[in-house]
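According to the numbering used here, the sequence shown is numbered sequentially starting from 1. Ideal Cβ placement from N, Cα and C applies to all residues, glycine included.
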Amino acid sequence: MNRLCDAYAGRRVLVTGHTGFKGAWLSLWLHHLGANVVGYSDGVPTNPSIFDLLGLDGLVEHHVGDIRDRARLAEVIDAGRPEVVFHLAAQPLVLQSLADPVETFEVNTMGMVNMLECVRERPGIETIVLVTSDKAYRNEEWNWGYRETDHLGGHDPYSGSKSCAELVAHSYHRSFLRDSATKMATTRAGNVIGGGDWAADRIVPDCIRAWSANKSVTVRNPRATRPWQHVLEPLSGYLWLGVRLLEDDELDGEAFNFGPGTNQDETVANLIESMTSRWEGARWDIASGSEQAGREADLLKLSCDKALRLLDWHAVLPFTETVAMTVDWYRSWHLGKADMISTTVSQIDRYVDLAQNTDMAWAAT
């Protein structure tokens with residue numbers, strides 16, 4: 001038992017976007033903690049799908065619905081009566097936002113409006129953790145990490161939609177939730193990797209798709225620097241923030257970055273080279289004219305000093321272990337040698353053990 005078990009066992013928890021990469025990992029972890037999980041999503045976004053591989057439709061209360069449909073969302077909330085909400089539902093891809101900016105703003109910005117409108121009408125919800133993105137910051141190509149007080153303002157529709165979602169959350173808190181029984185916070189995480197992500201136009205899934213077919217992967221921006229972190233890192237932050245909001249009113253309405261130390265940022269090229277050492281026969285090359293093709297910033301770092309100061313949270317895994325856990329999960333899937341739910345739970349348990357060894361507050365027994 002640890003602090004998260006104590007807090008979530010037996011609680012009713014809503015996870016929006018529970019069929020996606022991060023949402024599926026979060027839902028399984030909550031189930032593992034003993035929570036009664038209700039999921040709301042517009043469908044399974046990829047094939048293969050971590051949601052399907054884990055059989056989560058048999059472990060959580062699975063509801064299909066669009067985050068843009070406020071009436072349907074309210075219906076699910078009223079039926080599930082959640083005490084805690086984690087809002088992850090989103091259109092998460094930069095290139096998709098360039099192809100369909102209207103959908104991206106509808107899902108990411110108006111979806112946040114719909115979520116908070118439902119929450120403000122239901123005082124039984126004690127805590128809501130709202131997940132946006134590190135890309136909500138106005139990127140100045142700084143060499144230091146962005147702090148929660150730095151300017152918002154994304155350059156592409158995805159980033160802009162997340163900036164707008166942050167403004168929506170701030171407005172709703174100031175106007176409706178600050179004096180209510182419901183406590184809320186927003187979270188911004190750096191680039192997340194880990195087993196089970198098959199989204200389009202992401203470097204790790206692109207590598208796995210190519211290497212599983214014994215092909216070379218083509219990389220569009222190898223010099224881009226990102227704060228790579230394993231999916232369990234920000235999820236531990238979200239879960240712990242949900243607990244601390246119940247205990248400390250001073251955290252209500254705050255925003256938190258969750259990411260690795262600023263000295264752990266790595267280029268895409270370094271990430272791929274580290275992955276190839278654990279996947280026999282892996283190959284990669286650089287796309288012609290690639291440096292401009294993605295329209296993504298080359299440098300993006302986060303300062304997580306606030307999370308350390310107020311939550312006693314910091315990342316647990318070094319870069320090498322982050323890559324090892326990620327590739328090992330995909331290798332287990334590719335070789336068909338393991339029950340993926342056992343593999344995933346085993347990685348959660350290993351992560352918790354490592355957190356306990358580093359005296360993380362949330363992992364304390």
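Please name the residue or residues paired with residue i in a DSSP beta bridge.
i      : result
His62  : Gly39
Thr442 : With the chain covering only 1 through 365, there is no way to say anything about residue 442.
Thr187 : Val131, Phe256
Ser216 : Arg283
Leu300 : Paired residue(s): none; Leu300 is not in a bridge.
Arg226 : Glu266
Tyr351 : Answer is none; Tyr351 lacks a bridge partner.
In whole angstroms, what separates the C-alpha of residue i from that of residue j?
i      : j      : result
Ile193 : Leu271 : 10 Å
Ile125 : Thr326 : 34 Å
Arg244 : Thr187 : 14 Å
Ala185 : Trp144 : 24 Å
Leu311 : Thr127 : 16 Å
Cys5   : Trp29  : 10 Å
Asn47  : Asp179 : 44 Å
His62  : Arg350 : 27 Å
Ala71  : Ser277 : 49 Å
Gly294 : Asp328 : Unreliable placement is indicated for Gly294, whose pLDDT of 45 sits below 50; the coordinate value is still reported in the next sentence. Straight-line Cα distance between these residues: approximately 28 Å.
Gln292 : Gly20  : With a pLDDT of 48 at Gln292, under the threshold of 50, the modelled position of this residue cannot be trusted; read the value that follows with caution. Approximately 28 Å between the Cα atoms of the pair.
Ala355 : Thr343 : 18 Å
Val204 : Thr225 : 14 Å
Leu88  : Arg122 : 19 Å
Trp362 : Val84  : 17 Å
If you run the structure through DSSP and keep just helix, strand and coil, what is residue i?
i      : result
His87  : strand
Trp284 : strand
His173 : helix
Ile380 : As shown, the chain starts at 1 and ends at 365. That puts residue 380 outside it, with no answer to give.
Val327 : helix
Gly154 : coil
Gln292 : At Gln292 the pLDDT is 48, less than 50, meaning the model places this residue with poor confidence; the figure from the coordinates comes in the next sentence. In the structure shown, Gln292 sits in a helix (DSSP, three-state: H, G or I).
Ile341 : helix
Val192 : strand
List the endpoints of the continuous alpha helix (DSSP H) containing residue i.
i      : result
Ile208 : 203 to 212
Ile272 : 268 to 276
Lys22  : 21 to 32
Trp240 : 232 to 247
Asp6   : 3 to 8
Ile50  : 50 to 53
Thr365 : Unbroken run through Thr365: none, as it is neither H nor E.
Check: Taking contact to mean at least 3 C-beta pairs separated by less than 8 Å, is the region 48 to 58 in contact with the region 84 to 99?
Finding: no
Checklist line | Contact the region 75 to 86 vs the region 4 to 13: 3+ CB pairs below 8 Å | finding: yes
Margin query: With a threshold of 8 Å, are at least 3 pairs of Cβ atoms found where one atom belongs to the region 216 to 230 and the other to the region 158 to 176?
Written below: no
Check: So, do the region 313 to 323 and the region 257 to 264 have three or more beta carbon pairs nearer to each other than 8 Å?
Finding: yes
Margin query: Under 8 Å: do the region 138 to 154 and the region 298 to 307 share three or more Cβ pairs, one atom per stretch?
Written below: yes
Check: Is the region 150 to 165 touching the region 97 to 116, taking contact as three or more C-beta pairs under 8 Å?
Finding: yes
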